[in-house]
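Protein sequence lines, in the order shown, are assigned to chains B and L.
Quick note: the first sequence uses our numbering, first residue 1, plus one each step.
Quick note: the second sequence uses our numbering, first residue 1001, plus one each step.
Notes for the one structure printed next.
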Amino acid sequence: MAVEIEESRSTSEKPAQRSRAPLGGLTLGLVAKIIFLSTINATSLWTLGQLIPERVWLGVAFVVLATVAIDVVYLTKARWAIPIKYLLPGTLFLLAFQVYPVIYTAYISTTNLGTGNILDKDAAIEQVISTSVGSTESGISYVARAAQSEDGTLGIILIDQRTDPPEILVGTNEELIVIDPADVVFDGERVQQAGAFTALNLGQAADFETELSQIAVPAEEGVIVLKTFSRAAVVGYSLQYDEAADVMRNVETGVIYRPVDGFFRAESGARLNPGWQINIGFENYERVFASEAIRGPFLRVFVWNWAFAAGTVFFGFALGLLLAITLDHPDLRGKRFYRSFLIFPYALPSFLTVLVWQGMMNRDFGIINDLTGLSTPWLTNPWMARGSVLLVSTWLTFPYFFLVSTGALQSIPKELTEAANVDGASGPQAFGSVTLPLLLIAVAPLMIASFAFNFNNFNVIYMLNRGGPPIPGAQTPAGSTDILVSYTFRLAFESGRGQDLAFATAISILIFLHVAMFSAWSFRKTAKLEEI
Amino acid sequence: MTDIGLGAPAGTATGTRATPATVARQPFGKWFRQVGWRHLVGVAALFFALFPVLFIISSSLNAAGTLSGSSLIPTNLSLINYRELLNGTEAPFIDWFLNTLYVAGGAAILNTGLAAFASYAFSRMRFVGRRAGLLSLLLIQMFPTTLLFVALFVFVTDIGGIFPGLGLGSRTMLLVIYLGGALGVNAWLIKGYFDTIPRDLDESALIDGASHTQIFFRIILPLAAPILAVVALITFVFTLNEFLVASVVLGQGKSENFTLAVGMFRFIDGQGGEWGQFAAGSVMAGIPVVVLFLFLQKYIVSGLTAGAVKG
């Protein structure tokens, strides 16, 4: 961030500051400001140059508005702009990476975005046509050999005999490339090697027969396909898009495909891939509640999510408080020693320690079963797995509550408990009716914060056991220890049916609403807002 | 960490060695009832807290290198796991380490900077929308970045289509995404601290002709160094631990670009084959963080009570 000193008037009045201005009226701050603003403007212009050809109008609007705002705010000397000078940088990042994704999440949740429905309609139409292979040859054919590149990609080496000398090309599903004659190795009449591709002999080619028959090389007037192992030909596309009727027509069979739910579908139900993104309203949300196979596991995940977060805070706080009380005795030696080492589970990066626990809890090789001589199914039995998750999250949390409880205990005046003792209260009585209530006032907001944090504590759940073991019979990938956020993650990236991104965002939105309600309640409770 | 960890039993001994002096003054029974049993609880708690730590240190020094061959006391002392890991034949550990430093270090410094700027405005200036701004920061904070991963995934994929260097697999993109969370809890923490710095200081500087920028950089920032250190450390550790967004952004790219969290998870997940190397990596990755924590312990405790939670 640039250091900017803007009132040059005040600088010229102060002799001490003038000495820091080597270039006449130019202060260090002013130089930094000029460099900062020029860099921003240059970067913006370059970015716009990339965005405009791609027609990303939302991005263009953001860049233009942000740049204008930065220029105006940092160049003006008006008083109203002073707070904005400090707020603008953070706000821009907030808008781009927090606010926009929230809105975008809500938007995606009303679409069918996912594997097979990623493109927009125009791109999907183009791709459907370009991969539709007909059987009518256009008359152009090549001498061909099946080939494979070093990284395993299959392709076709083509000799175009219409030119003299014959041109050598290599075609793959992605592209058709002309090979420099210098990179071609002949074996008599036949091409043995072209660029990175080496020809396959008949035996090798037969092994890949299915894959080779599916290669369709994009060419100008259709696609090039292998007709036999030694001959390839250009064939036309079998599908044509009728823009007026908005249907896809197979020119060879006459079958008509109509757009239904983001796919072109025939009467028979056959559909053409890929599909495209469409708006489906609240269907994703309805799916959560309508289908028993989804609702059942979802509710179990939901209930366990609450139990996990509440259990973690409860056990973590109980253990931490117990230790704080035990180790807070004036005559106890080594208090600092205990404190320094008990902080370890909290200080160490949790992704490491959770993975260590995963190894220790391994049923066959883990050290816990090794030392105890048992074969406890720590992570494979649903209830044991839930217990294990709570054990690990308690281990991670108790040092935090140990530290804050120790601090809170020390800040409670000793006179209060002494007064209670004088009034005849026993030790436990004084603790229960004087110390604990005072402690809870101090610690309650932290317990709520810890609850909110653990409610979405992805690391513990996913790294310990990937949310498993799976709930039997669930239609979506739901596990016995899955919480909402890990469930959402698995829906988005690990579902057997490919990436179900839109459905995952619908669940995210449900979590948002839930967390928002909880937070609103807790803010009222802690009355934090009155401090503003 | 090796030294600190292995020092634990010795330290415990110091704690109990102090007992004869106390015993001399009062009977052992009374001492035990009042103080002694606390050591039993303390040592049990230490065992619970440090068991995984000792286990991982021991595994890292065990030449066997497998999960099943590991024990609490290393049987076959050797540094071979460290050597093999640093050779990088199994995994580009050094790359992961540097990537994590880049992303978490960058996020810590820039986030703290951005939050400090905003906090100065919120603490020292009165303007239209100040209260609304503070409240909306709290509101937005309710939507944790981790829940936005699907939108971020699509967003970053799209960006990668236009700026190939910033698409999926880009460390810089990950760092920039983390900057989105700069305002929020951090700004609240810093603002709270700024509020405790007397305004008289600003006013006298103002009378001496200082501009608002000079007041911010020369007076407020130096005085707020403790909270800035805490916020930077908490952001650093949070970012270092962040797995979900990191694996969404980096997971499909080259493994040299992984952070430690993504890399170590992929490295060990489910098999435990290279357990020794994983353990060596954990020890090397854990030491800097623990050292930071122990150095800044005093500040952190004050930051903790102000409501910061880390994972």
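A virtual CB, placed ideally from N, CA and C, is assigned to each residue, including glycine.
Under the three-state DSSP convention, the category ASP1202 (chain L) falls into | helix
ARG249 (chain B), enclosing alpha helix (DSSP H) - first and last residue = Element bounds for ARG249 (chain B): not the alpha helix (DSSP H) but the beta strand (DSSP E), 247–250.
Residue burial classification, GLY1161 (chain L) (beta-carbon count within 10 angstroms, cutoff 16) | exposed
Name the chain L residues whose beta carbon is nearer than 7 Å to that of HIS514 (chain B)?
-> Under the 7 Å cutoff, chain L gives no residues; its nearest Cβ is about 10 Å from HIS514 (chain B).
May I have the straight-line CA-CA distance separating LEU239 (chain B) from ARG231 (chain B), to the nearest angstrom?
-> 24 Å
Endpoints, the beta strand (DSSP E) within which GLN192 (chain B) is located = 190–194
Along the alpha helix (DSSP H) that carries LYS227 (chain B), what are the first and last residues, could you check?
-> Taken as a continuous stretch (DSSP letters only), LYS227 (chain B) belongs to no alpha helix (DSSP H), being part of the beta strand (DSSP E) at 222–228.
In terms of DSSP beta bridges, what is GLU167 (chain B) paired with?
-> B:ASP160
Test item: CB-CB of LEU1077 (chain L) and GLY1281 (chain L) under 8 Å | no
Beta-carbon neighbours of ASN1257 (chain L), restricted to chain B and to distances below 7 Å = Here the premise fails: no neighbours, minimum Cβ distance about 17 Å.
Flag MET360 (chain B) as yes if its beta-carbon sits less than 8 Å from any beta-carbon of chain L, otherwise no.
-> yes
Reference THR136 (chain B), options B:ILE179, B:ALA147, B:VAL225, closest by Cα | B:VAL225
Please report how far the alpha carbon of SER1068 (chain L) lies from the alpha carbon of LEU439 (chain B), in whole angstroms.
-> 45 Å
According to the Cβ coordinates, are VAL1262 (chain L) and ALA1279 (chain L) closer than 8 Å?
-> no
PRO83 (chain B) lies in the alpha helix (DSSP H); which residues open and close that run?
-> 81–94
Please list, in chain order, all residues of the same chain as GLY387 (chain B) whose beta carbon is under 6 Å from its beta carbon, the five residues on each side excluded.
-> none
Go to GLU286 (chain B), then tell me how far its alpha helix (DSSP H) extends in each direction, as first and last residue.
-> 283–290
Beta bridge counterpart(s) of GLU137 (chain B) as assigned by DSSP = B:VAL235
Is it a yes or a no for the region 1110–1124 of chain L touching the region 1221–1239 of chain L, going by three-plus beta-carbon pairs under 8 Å?
-> yes
Rounded to whole angstroms, what's the CA-CA distance from LEU329 (chain B) to VAL1290 (chain L)? Just pull it up for me.
-> In the sequence as presented, Leu is not what sits at residue 329 (chain B); that position holds His. Cα-Cα distance, rounded: 27 Å.
Rounded to whole angstroms, how far is the Cβ of VAL288 (chain B) from the Cβ of TYR487 (chain B), which I believe are closer than 8 Å?
-> Actually they are not in contact, since the Cβ atoms of VAL288 (chain B) and TYR487 (chain B) sit about 11 Å apart, beyond 8 Å.
Which one of L:PHE1293, L:LEU1183, L:GLU1203, L:LEU1179 has the shortest CA to CA distance from LEU1233 (chain L)?
-> L:PHE1293
For the region 54–69 of chain B, which residues have a beta carbon sitting closer than 9 Å to at least one beta carbon of chain L?
-> GLU54, VAL56, GLY59
Does ASP242 (chain B) get closer than 8 Å to chain L when you measure Cβ to Cβ?
-> no
Below-8 Å beta-carbon distance, ARG524 (chain B) vs any chain L residue | no
Give the DSSP-derived three-state secondary structure of GLN148 (chain B) in the structure shown.
-> strand
Does the beta-carbon of LYS1298 (chain L) have 16 or more other beta-carbons within 10 angstroms, so that it is buried, or is it exposed?
-> exposed
Going by beta carbon distance, what residues of the same chain come within less than 7 Å of PRO166 (chain B), once the five residues before and after it are set aside?
-> ILE159, ASP160
Three-state secondary structure (DSSP) at THR476 (chain B)?
-> coil
Span of the alpha helix (DSSP H) holding LEU355 (chain B)?
-> 350–360
Under 8 Å between C-beta atoms of THR481 (chain B) and ILE507 (chain B) = no
The alpha helix (DSSP H) spanning THR115 (chain B) covers which residue range?
-> Counting along the chain, THR115 (chain B) falls outside any alpha helix (DSSP H), and DSSP gives it neither H nor E.
PHE1127 (chain L) to ALA1049 (chain L) span [Cα, whole Å] | 49 Å
Kindly list, in the order they appear in chain L, the residues whose Cβ is closer than 8 Å to that of TRP357 (chain B).
-> PRO1052
Could one say the Cβ of ASP246 (chain B) lies closer than 8 Å to chain L's Cβ atoms, at least one of them?
-> no
For GLN98 (chain B) versus GLY1181 (chain L), is the C-beta spacing smaller than 8 Å?
-> yes
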